[in-house]
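Undergrad: Structure in C-alpha cells, see below.
There are 2 protein chains.
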Amino acid sequence: MADKKIHVFGHTNPDTDSISCAITMANLQNEIGREAQSYRLGEINKETRYALNMFDLKEPDLLSNIDDNANVIMVDNNEFTQCVPGIENAHIQMVVDHHRLNLHTTEPVYCIAEPIGCASTIMYKLYKQDDVVITPKMAGIMLSAIISDTLMFKSPTCTEQDKITAERLAKIAGIDLYEYGYKMLEAGTDISEYTADEVINIDSKDFKNGELKITISQINSSNIDEVFKRKAELEKAIEKKITEENIDLYVFVVTDILEASSKVIVLGNRIDIFEKAFHTELIANTTYLKGVVSRKKQILPALIEAMNQKIQL
Amino acid sequence: MADKKIHVFGHTNPDTDSISCAITMANLQNEIGREAQSYRLGEINKETRYALNMFDLKEPDLLSNIDDNANVIMVDNNEFTQCVPGIENAHIQMVVDHHRLNLHTTEPVYCIAEPIGCASTIMYKLYKQDDVVITPKMAGIMLSAIISDTLMFKSPTCTEQDKITAERLAKIAGIDLYEYGYKMLEAGTDISEYTADEVINIDSKDFKNGELKITISQINSSNIDEVFKRKAELEKAIEKKITEENIDLYVFVVTDILEASSKVIVLGNRIDIFEKAFHTELIANTTYLKGVVSRKKQILPALIEAMNQKIQL
Chain Y
0 MADKKIHVFG
10 HTNPDTDSIS
20 CAITMANLQN
30 EIGREAQSYR
40 LGEINKETRY
50 ALNMFDLKEP
60 DLLSNIDDNA
70 NVIMVDNNEF
80 TQCVPGIENA
90 HIQMVVDHHR
100 LNLHTTEPVY
110 CIAEPIGCAS
120 TIMYKLYKQD
130 DVVITPKMAG
140 IMLSAIISDT
150 LMFKSPTCTE
160 QDKITAERLA
170 KIAGIDLYEY
180 GYKMLEAGTD
190 ISEYTADEVI
200 NIDSKDFKNG
210 ELKITISQIN
220 SSNIDEVFKR
230 KAELEKAIEK
240 KITEENIDLY
250 VFVVTDILEA
260 SSKVIVLGNR
270 IDIFEKAFHT
280 ELIANTTYLK
290 GVVSRKKQIL
300 PALIEAMNQK
310 IQL
Chain C
0 MADKKIHVFG
10 HTNPDTDSIS
20 CAITMANLQN
30 EIGREAQSYR
40 LGEINKETRY
50 ALNMFDLKEP
60 DLLSNIDDNA
70 NVIMVDNNEF
80 TQCVPGIENA
90 HIQMVVDHHR
100 LNLHTTEPVY
110 CIAEPIGCAS
120 TIMYKLYKQD
130 DVVITPKMAG
140 IMLSAIISDT
150 LMFKSPTCTE
160 QDKITAERLA
170 KIAGIDLYEY
180 GYKMLEAGTD
190 ISEYTADEVI
200 NIDSKDFKNG
210 ELKITISQIN
220 SSNIDEVFKR
230 KAELEKAIEK
240 KITEENIDLY
250 VFVVTDILEA
260 SSKVIVLGNR
270 IDIFEKAFHT
280 ELIANTTYLK
290 GVVSRKKQIL
300 PALIEAMNQK
310 IQL
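So the protein lines, in turn, are chains Y and C. FYI, the numbering for the first sequence is 0 to 312, going by numbering that gives the first Met the number 0. FYI, the numbering for the second sequence is 0 to 312, going by numbering that gives the first Met the number 0.
This is the structure we're talking about:
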C-alpha cells in the first residue's frame, strides 16, 4: 500500500484552508519522498483563486469519487458527509483537522486535530516537525488560509498560535500581512457575478444529527445590505434546495468581515431549533447575530445543544 | 471551564499503558500549571502493579462515573463503550491514543492519535514538545507501558519509534530494559490466584459492529498449556458472560509472549465470523494463531472485515 499514490483533499465546497492544506500536505509528502497529489472536491471560490494567483499556484485537479482502498490523507475535514463519494472504503492514512471529530476507522490512523483557527496552522508545524523547508509559495497559501479562516484574527476560533504562525509565514512569503489579507478577503466577497444558487453554495456544509438534516451556508461580505438586496432570490434558491435535498433547517449566514457579526436567513420546517439556539425570534426569516462569525464554534454547537436539550415540561 | 480539575483516564479493564498514560498525562498537566488527576477505570492487573511498585508510584484512584461537563482527557482510548459511564456528557479537552478512531465530539478538541505500538510513546513526545523534564519515575512507567503493549517489541503494532523511545526511557529510568521487561511481563502472566471469571476480565474489550456485540479478551502467558489446563472452567465463565451480556462473539486470546503467537477459545452464536476471518475451523472451540498477538492490529480488523464482506453467491 505504501507505494501507491496518496490522494490529499479537504472538504466539499472547498474554502481557502481546504485548498491550502491539500496543496501543502501533498507537497510535504513529496518532499519526504512519498507520491502524493492534491485534489479539490468542488469549484474554487473567488477568494481562493485570488490567493492561488497571488502565489502563482495551480488549482488542484477535481476529484469526484475515490476508488476502494485508495490511499488518502484527509485535511481540514474528518467527516465522511463532507467528503468525496467512496471515502468509506478508502484507506485513510492520516487526518489533519481543526473541526469537531466525527470519524470511524477500522484501524489506527495518524490523526492530529487541534481546536485552533486554521488547519494550515497545523500544516506549518508538520513542516517544522519533518524539517522540510517552507517555500514562499507554500507560505503564501498557508497564510491566506489563516487569514481566511480567522477573518483576519477576528474569529473566536482564532488562537495566539494562528496569529504567530501567520506573522512568520508573511515574512517567508515576503508580503504585508494586513494589506494582502484584506485584499484577499475583499476578493472573496464579490458575489455580483454569481447566481443566487451559486451564492448559497459558495461555502455550504451539511450536518446530520440523528434524523435531522441541517445545512449551514456562509459567505463573507464587506456590505451586508448589498447582499440582502437579493434576499428574495436567495430565499427562493434556499427553498428549492430544501425541497430537493429534504433539509430540515437551512441557515444562510452573511458575515460582515469588518464588524465581525452576521446576518442570517433561516428557512426549513425546523426553524424552531435556530430560534431556541439563539434565543431569538426570526422576523421575515432573518435576524442579526452580533459577534457571531464562526459556523464551527458558534453556530453549529448552539444548534446541537438546542437539539439535544431534553424537553422541559 | 479552564480552571476546573481535569480528569485523566484510559480504558476500562486498564492495562499498563492506560495507567501509564493517565499518570504521566496528569503529571504533565500539573507541570504546565493545570490541575489534573489520574484515575483508573477498574482493577490494576498484576503486571501494572509490578511496574508501579518498581517505580514507587501509587495506583490512581478508581473512577466509577463522571459528572456532566467535567473536564476530561482521554488517553489510550477514544471509544465511549470502553470508557467511564457519563463520558457522553463530559467535556473532552484532549485525546491521546493509538487505537482505531471512533469518536464524536460537538466541538473541536485536541486529538493526537498515531498508528504506533503504545500511547505512552506519544506521551514521551508531548513531554518533549512542552519542554517538561521526564523524571526517572515517569520514564519507568512509560517504559513499562511500551514493553507491555509491544510485548517487548515483538507485536506487529510496534514501530521503530516505540523501540527508540523505550531505549531512551530505560536510560532515564536507570534500568536494564530487557532484564526488567521480561520480569514485568512474567509478573503479568501469573493467573494462579485468579478465578476463571477474573482471568477472562483481566484485559477484556467490547466492540459493537451494527447490532453485533463482540468481546475480545486477552492474557499473556509464558506457558499456554498451563492456561489451557483450566479450559473447562474458562469456557464456563465465558458462557456465563455471553448469556448475561448478550454477546454474539467472544474471543479469549492467550498470547505466548516468547513465541509471539496465540491460542484462542472462541464462543458465542457467531463463531462463524471468527472462522471466516481467520480461514480456520475451530476444534473444541479452539485454534492456534501463529504470529497473531495483537487484538488491535490483527484480530479486530480481521473480524470487522469478515463482518463487512458482502455475501457472495
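Idealized CB from N, CA, C, for every residue including glycine.
Can you tell me which of the three DSSP states residue 22 of chain C falls into?
TA: In the structure shown, residue 22 of chain C sits in a helix (DSSP, three-state: H, G or I).
Undergrad: Nearest to residue 302 of chain Y by alpha carbon, out of Y:287, Y:245 and Y:213?
TA: For the residues Y:287, Y:245 and Y:213, the minimum Cα distance to residue 302 of chain Y belongs to Y:213.
Undergrad: With a threshold of 16 other CB atoms inside 10 Å of the CB of residue 219 of chain Y, please say whether the residue is buried or exposed.
TA: Classification of residue 219 of chain Y: buried, given that the 10 Å Cβ count is 16 or more.
Undergrad: As a quick exercise: from C:242, C:293 and C:5, pick the residue whose alpha carbon is nearest that of residue 152 of chain C.
TA: The candidate whose alpha carbon is nearest that of residue 152 of chain C is C:293.
Undergrad: In terms of alpha-carbon separation, which member of C:50, C:81 and C:35 lies closest to residue 60 of chain C?
TA: Comparing Cα-Cα distances from residue 60 of chain C to each of C:50, C:81 and C:35, the minimum goes to C:35.
Undergrad: In this structure, how does DSSP classify residue 112 of chain C when only helix, strand and coil are distinguished?
TA: Correct three-state label for residue 112 of chain C: strand.
Undergrad: What is the DSSP secondary structure of residue 285 of chain Y, reduced to helix, strand or coil?
TA: In the structure shown, residue 285 of chain Y sits in a strand (DSSP, three-state: E or B).
Undergrad: In its own chain, which residues sit with a C-beta less than 7 angstroms from the C-beta of residue 237 of chain Y, not counting the 5 before and 5 after it?
TA: So the qualifying residues of the chain are 199, 249, 251, 264 and 266.
Undergrad: How would you call residue 204 of chain Y, buried or exposed, if buried means at least 16 neighbouring beta carbons within 10 angstroms?
TA: Residue 204 of chain Y comes out buried.
Undergrad: Check the Cβ of residue 232 of chain C against every Cβ in chain Y and list those closer than 7 angstroms, keeping chain order.
TA: Neighbours of residue 232 of chain C on chain Y: none; closest Cβ ~34 angstroms, over 7 angstroms.
Undergrad: Kindly indicate the opening and closing residues of the alpha helix (DSSP H) around residue 198 of chain C.
TA: Run containing residue 198 of chain C: 195-200, per the alpha helix (DSSP H) assignment.
Undergrad: Could you work out which residue in Y:145, Y:176 and Y:169 is closest to residue 161 of chain Y when comparing CA atoms only?
TA: Closest option to residue 161 of chain Y, Cα to Cα, is Y:145.
Undergrad: Under 7 angstroms between beta-carbons, which chain Y residues line up against residue 157 of chain C? List them in chain order, please.
TA: Under the 7 angstroms cutoff, chain Y gives no residues; its nearest Cβ is about 13 angstroms from residue 157 of chain C.
Undergrad: Can at least three beta-carbon pairs, one atom from the stretch 185-195 of chain C and one from the stretch 224-243 of chain C, be found at a separation below 8 angstroms?
TA: In short, these stretches touch, since the Cβ pair count reaches three.
Undergrad: What does a CB cutoff of less than 6 angstroms around residue 78 of chain Y pick up in its chain, not counting 5 residues either side in sequence?
TA: So the list reads 101, once near-sequence residues are dropped.
Undergrad: Which of the three DSSP states, helix, strand or coil, is assigned to residue 269 of chain Y?
TA: In the structure shown, residue 269 of chain Y sits in coil (DSSP, three-state: anything other than H, G, I, E or B).
Undergrad: Cβ closer than 7 angstroms: which chain C residues qualify as neighbours of residue 210 of chain Y?
TA: Within chain C, no residue comes near residue 210 of chain Y; the closest Cβ sits about 16 angstroms away, beyond 7 angstroms.
Undergrad: Are any of the Cβ atoms in chain Y nearer than 8 angstroms to that of residue 20 of chain C?
TA: Chain Y, which has no Cβ nearer than 8 angstroms to the Cβ of residue 20 of chain C, makes this no.
Undergrad: Mind checking residue 278 of chain C: buried by the 16 CB within 10 Å criterion, or exposed?
TA: Exposed.
Undergrad: Would you list, in chain order, the members of the stretch 90-120 of chain C that have their beta-carbon closer than 7 angstroms to a beta-carbon of chain Y?
TA: For the stretch 90-120 of chain C, which is checked against every Cβ of chain Y, the residues closer than 7 angstroms are 97, 98, 99, 100, 101, 102, 103, 104, 105, 106, 107, 108, 109, 110, 111, 112, 113 and 114.
Undergrad: Considering residue 203 of chain Y, what are the terminal residues of the beta strand (DSSP E) in which it resides?
TA: Looking at the DSSP string, the run of the beta strand (DSSP E) that includes residue 203 of chain Y is 203-208.
Undergrad: What did DSSP end up calling residue 226 of chain C once you bin it into helix, strand or coil?
TA: It is helical.
Undergrad: Which residue wins for smallest C-alpha separation from residue 38 of chain C, given the options C:24, C:169, C:54 and C:110?
TA: Checked all of C:24, C:169, C:54 and C:110; the closest Cα to residue 38 of chain C is C:24.
Undergrad: If we define contact as Cβ-Cβ less than 8 angstroms, is residue 295 of chain C a contact residue for chain B?
TA: Among the chains of the structure shown, chain B does not appear; the protein chains present are Y and C.
Undergrad: Could you check whether the Cβ of residue 218 of chain C sits closer than 8 angstroms to any Cβ belonging to chain Y?
TA: No, no contact with chain Y.
Undergrad: Can you tell me which of the three DSSP states residue 312 of chain Y falls into?
TA: Since pLDDT at residue 312 of chain Y reaches only 37, below the 50 mark, its modelled position is unreliable, and the value read off the structure follows with that caveat. The answer is coil: DSSP assigns residue 312 of chain Y none of H, G, I, E or B.
Undergrad: Under three-state DSSP, which class holds residue 300 of chain Y?
TA: DSSP places residue 300 of chain Y in helix when its eight states are reduced to three.
Undergrad: So with CB distances below 8 angstroms, who are the chain C contacts of residue 213 of chain Y?
TA: The contacting residues do not exist; residue 213 of chain Y stays about 13 angstroms from chain C at best.
Undergrad: Kindly indicate if chain Y contains any beta-carbon less than 8 angstroms away from that of residue 318 of chain C.
TA: Since the first residue of chain C shown is 0 and the last is 312, residue 318 of chain C is not available in this structure.
Undergrad: Residue 300 of chain Y versus chain C: which residues are under 8 angstroms apart at the beta carbon?
TA: What residue 300 of chain Y touches in chain C: 105 and 106.
Undergrad: Could you tell me the alpha carbon to alpha carbon distance between residue 149 of chain C and residue 115 of chain C, rounded to whole angstroms?
TA: Cα to Cα, the separation comes out at about 9 angstroms.
Undergrad: To the nearest whole angstrom, what separates the beta carbons of residue 138 of chain Y and residue 16 of chain Y, a pair I think is in contact under 8 angstroms?
TA: Not a contact, Cβ separation roughly 15 angstroms.
Undergrad: Say whether the stretch 127-143 of chain Y touches the stretch 91-105 of chain Y, bearing in mind that this needs 3 or more beta-carbon pairs closer than 8 angstroms, one atom from each stretch.
TA: No, they do not touch.
Undergrad: Kindly list, in the order they appear in chain C, the residues whose Cβ is closer than 9 angstroms to that of residue 72 of chain Y.
TA: Within 9 angstroms Cβ-Cβ: nothing; residue 72 of chain Y doesn't reach chain C, min ~13 angstroms.
Undergrad: Residues of the stretch 15-43 of chain Y in Cβ contact with chain C at a cutoff of 8 angstroms, in chain order, please.
TA: Answer in chain order: no residues at all.
Undergrad: So residue 218 of chain C is in the beta strand (DSSP E); what residue range does that whole segment cover?
TA: 211-220 is the span of the beta strand (DSSP E), which, as asked, contains residue 218 of chain C.
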